[in-house]
Amino acid sequence: MVAAQPALAQGDARQVPQSEAEVQLSFAPVVKQVTPAVVNVYATKTEQGFESPFANDPFFSRFFGGRDMFRSRPRTSQSLGSGVIVDAKGVIITNSHVVNGADDIRIALSGGREFPVTLLLDDPKSDLAVLQIENANGRTFPALTFADSDTLEVGDLVLAIGNPFGVGQTVTSGIVSALARTGVETGNFDYFIQTDAAINPGNSGGALVNLKGELVGINTAIFTRSGGSVGIGFAIPVNMAKTVAAAGTDGGVLVRPWFGARLQEITTDIADSLNIDPPHGALIAEVAAGSPADRAGLKPGDAIVRIDGIDVDAPQGFDFRFATKQIGTDVNLTYVRAGEMADVQVAVAAAPGTAADEVTDITGNTRFAGTTAQVLTPPLAQDMNLPFDTTGIVVSRVAAGSPADRMGLRAGDIIVSINGEKIDDVGTFSSLVSKRTDGWQIVLQRNGQTIQSFVSG
C-alpha cells in the first residue's frame with residue numbers, strides 16, 4: 002500500500018523529501034555560494050575613565066600626587082559580531098548592538114582578509130546598522146540578494162551563518178520555527194523570525210538564508226538560560242533590512258513613516274464583538290489629530306486586519322510592515338468597523354518635524370545647564386507611550402557631567418511645572434531656569450511617576 006503524499010500548492014517549488022536519499026542531500030552548494038558574503042565584525046569602544054570632583058583642586062593635587070590620582074584610566078572594550086555584504090561595492094548590514102558607540106570598526110572576510118569600515122547608519126530602533134568597506138581599491142565583493150521575508154513559511158529550511166564565540170565562520174541548519182514572534186525586546190520593532198538553527202553570541206548581524214542562498218533575515222538574538230543555543234533563535238526579517246540598507250546608502254538618514262494612531266491587541270472578546278474570526282489584527286485605541294490615520298478617516302474602535310493585502314496578525318506586525326513602506330506612497334488598509342469590512346488608502350508620510358522654536362539648549366551659570374528640551378509633539382508622545390494630547394516639554398538630552406546631569410535630570414523627563422508655573426513651551430522653561438533665584442520647585446514625570454523636588458539655586 003502506497004501512502005498518499007501531502008499536496009502542494011500549485012506553483013510552489015518547495016518539496017517534501019520523498020526518500021532517504023533526498024533527505025541526505027548536502028547543503029554544501031548553498032554554503033559555498035553564501036559564506037563569502039558573510040563577514041566577521043570587530044568593534045572597539047573606548048570608555049572614558051572616572052574623574053573625581055577633586056581632580057582640579059590644587060590642595061588635593063599638592064598632597065596626593067597630582068590629578069592622575071583622581072582619575073581612572075580609559076577602558077577599551079571590544080564587541081564581536083557578524084555582518085552580511087548586500088552590495089558588491091562593500092555595503093554591509095549588521096546589528097546596531099554590535100557597533101553602537103564604537104570608535105573603530107573592522108571586518109574580516111571569510112578568507113581572513115581585514116578591512117576598515119565606515120558606519121553609514123546606526124538605527125537602534127530596528128537594531129540594524131549599515132557599514133561601508135574602505136580601502137577596497139576598486140575591488141568588488143560577493144553579495145547576497147534579498148528575498149521577500151513575507152514569503153517565508155513555518156517549516157522552511159534555513160541556514161544561519163556567523164562567527165559564534167569568535168571561533169570562526171560557522172554554518173548551522175534548521176527550519177523556520179515561527180513567524181511574527183514578539184516578546185524578544187530588542188529594538189522598537191518586536192517582530193521576528195524564530196528558527197532552531199543554532200545561533201550563539203557572535204552570530205549577531207549574521208545571515209539567515211533560504212536554500213536559494215537568498216537573505217531572509219539578520220540573526221539578532223537567542224533565548225537561553227545557559228549562554229548558548231537551545232534551539233530558539235531570532236532574526237530580523239530582511240524586509241526591514243532592505244529599508245535600512247537603502248537609507249544607509251542614500252545619505253545615511255532614515256526617515257520613518259508616521260501612522261499617527263495608537264494600536265492595541267485584539268482580544269477574543271473584541272474579535273467576537275467585531276465578527277473577526279479567528280482573532281487577529283490591530284485595534285485603533287487613539288488617533289492623533291491631523292495624522293495620516295486621521296486624514297484617512299480612521300477612528301478609535303476600527304480594527305485593521307490587512308495592509309496591502311497581507312494579514313495583520315498583531316499591532317507589532319502592522320508597525321513593522323508600515324515602517325518598511327516608502328514615504329510618498331499610499332498603502333491600502335482593510336479594516337473592520339462595527340462588524341463591517343472596508344478599505345481605505347492611507348498616505349505614507351513622515352512625522353511632522355520639530356520647529357527651531359520648539360527646541361532649546363540651556364547653557365550658562367544655572368543648575369539646568371547641559372539640558373536640551375523640546376516641545377512634546379504627538380509623534381514624540383507616541384514614542385514615549387503617552388497619550389497624543391499630552392502637553393509640556395520633554396528633556397531630550399542631558400550632557401554627561403553637566404550641572405543638569407549632576408542635579409539628576411534624565412532624558413525622557415517631562416517637565417510639568419517650575420515654581421508653580423505650568424510649562425507648555427521651551428521659552429517659558431528657558432526663562433524660568435535661567436533666572437537668578439534661591440531655588441526651583443520642580444514637578445516632573447518620569448516613567449509614569451510624578452516627582453516633586455526642590456533644587457537650590
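Take 2 as the starting number for the sequence shown in the numbering used here and just add one per residue. Positions of the beta carbon are idealized from the N, C-alpha and C atoms, including for glycine. Note that the structure is predicted; figures quoted are calculated from it, not measured.
Considering Cα atoms alone, identify which of the options is closest to residue i.
i	options	result
N201	D191, V172, E215	V172
D157	E266, V256, P125, V177	V177
S457	K423, R407, A208	R407
A289	A283, G282, A297	A297
A315	D295, P238, L284, T250	L284
Q375	S111, A412, N386, P404	A412
D384	A130, V99, A198, A352	A352
P379	L110, G291, L81, N240	G291
T152	L433, N211, G409	N211
A356	I277, L216, V427	V427
T438	I308, S97, N366, A382	N366
Q170	I108, R398, P75	I108
L299	E215, A161, V345	V345
G207	I219, G184, E215	I219
A89	D390, D303, S111, G139	G139
N164	G113, T196, V396, G302	G113
S174	F260, V31, G302	V31
G184	E154, A144, I233	I233
D358	D197, S435, F430	F430
G261	V245, L275, D295	D295
Given a cut-off of 8 Å on the beta-carbon distance, is the pair residue i and residue j in contact?
i	j	result
P293	V347	yes
T335	V306	yes
I452	I416	no
V85	V39	yes
G203	F166	yes
P404	E287	no
D128	I267	no
V332	V349	yes
V239	F147	yes
V313	G340	no
L180	I194	yes
L410	I419	no
Q446	F455	no
Sorted by chain position, which residues of the same chain lie with C-beta nearer than 6 Å to residue i's C-beta, five sequence neighbours on each side aside?
i	result
A400	G371
D149	none
R263	A286, E287
E215	T146, A148
L209	V159, A161, V217, G218, N220, A236
Is there a Cβ of chain D sitting closer than 8 Å to that of residue i, yes or no?
i	result
K46	This model lacks chain D altogether, as it is built from one protein chain only.
Please return the same chain residues whose Cβ sits closer than 7 Å to the Cβ of residue i, not counting the five positions on each side in sequence.
i	result
T364	A370
G91	Q133, I134, A137, F142
M2	Since pLDDT at M2 reaches only 35, below the 50 mark, its modelled position is unreliable, and no value is offered.
D425	T392, G393
I328	V256, P258, V349, A350, A351
T330	V349
S326	The question names Ser, but residue 326 in the sequence shown is Lys. Here the set comprises P258, V332, V349.
From the DSSP output, which residues share a beta bridge with residue i?
i	result
N220	A236
E48	R76
M408	Partner(s): none; M408 has no beta bridge.
E359	According to DSSP, which records beta bridges pairwise, E359 is partnered with nothing at all.
L387	Bridge partners of L387: none, in fact.
V434	Paired residues: none, contrary to the question.
M342	V337
L258	The residue you asked about is not Leu; residue 258 is Pro in the sequence shown. P258 pairs with A351.
D425	None, per the DSSP bridge assignment.
By Cβ distance, which residues of its chain are closer than 8 Å to residue i, with the 5 residues on each side in sequence left out?
i	result
R63	Bear in mind that a pLDDT of 48 at R63, under 50, signals an unreliable position, so the number given afterwards is only what the model happens to contain. Counting only Cβ-Cβ distances below 8 Å, and skipping sequence neighbours, we find nothing.
V100	V42, A44, S80, G82, I106, L120, D123, A130, L132
N386	none
T77	T45, K46, T47, E48
S97	D123, D124, P125, S127, D128, L129, A130, G188
Less than 7 Å separating the Cβ of residue i from some heavy atom of the ligand GTP?
i	result
Q453	The model depicted lacks the ligand GTP and carries no ligand whatsoever.
Would the region 249-257 count as touching the region 213-224 if we require 3 or more Cβ pairs under 8 Å?
no
| message | For the pair the region 29-49 and the region 93-105, tell me if three or more CB-CB distances fall below 8 Å. | response | yes
request  = Spell out a yes or no on whether the region 317-327 and the region 179-198 are touching, meaning 3 or more CB-CB pairs, one atom from each, closer than 8 Å.
outcome  = yes
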